[in-house]
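This report concerns only the one structure given below.
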């Protein structure tokens with residue numbers, strides 16, 4: 071049996087990867103910065119813009135060639151990264 075939702079269909083998701091969909095939309099430039107993560111044990115906070123900047127820094131460090139100070143990892147070469155971490159503000163950057 072087929073049931074049709076009483077609610078309208080959700081909007082179509084644009085053809086892009088999720089990182090760009092969540093963090094690179096043009097209207098986000100006008101958004102005020104806000105707290106994204108809070109470490110309740112230390113009280114340390116990470117804002118949305120700090121998080122995005124650190125994710126980009128981490129991706130650059132992982133993908134930059136070794137001759138330029140990076141790790142030179144490439145998915146097309148079959149390179150993988152394993153992460154073992156406690157629950158902390160830094161682990162969210164690498165998990166993203």
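Numbering (the numbering used here), first residue to last: 71 to 166. Glycine included, every Cβ here is placed at the ideal spot set by N, Cα and C. Quick caveat, the model's predicted, so the values are computed rather than measured.
Would you list the one or two residues that DSSP bridges to residue i?
i: residue 164; result: According to DSSP, residue 164 bridges with nothing at all.
i: residue 107; result: 116
Suppose the cutoff is 6 Å on Cβ atoms and the five residues either side in sequence are ignored; what does the same chain contact list for residue i look like?
i: residue 116; result: 106, 107, 159
Considering only C-alpha positions, which residue in the set the options is nearest to residue i?
i: residue 122; options: 156, 73, 164, 150; result: 164
i: residue 119; options: 86, 94, 109; result: 94
Taking 7 Å as the limit between beta carbons, can you name the residues of its chain near residue i, skipping five residues before and five after?
i: residue 129; result: none
CB-CB under 8 Å to residue i, same chain, minus the five flanking residues each way: which ones, in chain order?
i: residue 132; result: 140, 141, 143, 151
Contiguous alpha helix (DSSP H) assignments of at least 4 residues, all confined to the region 71-100: 88-93
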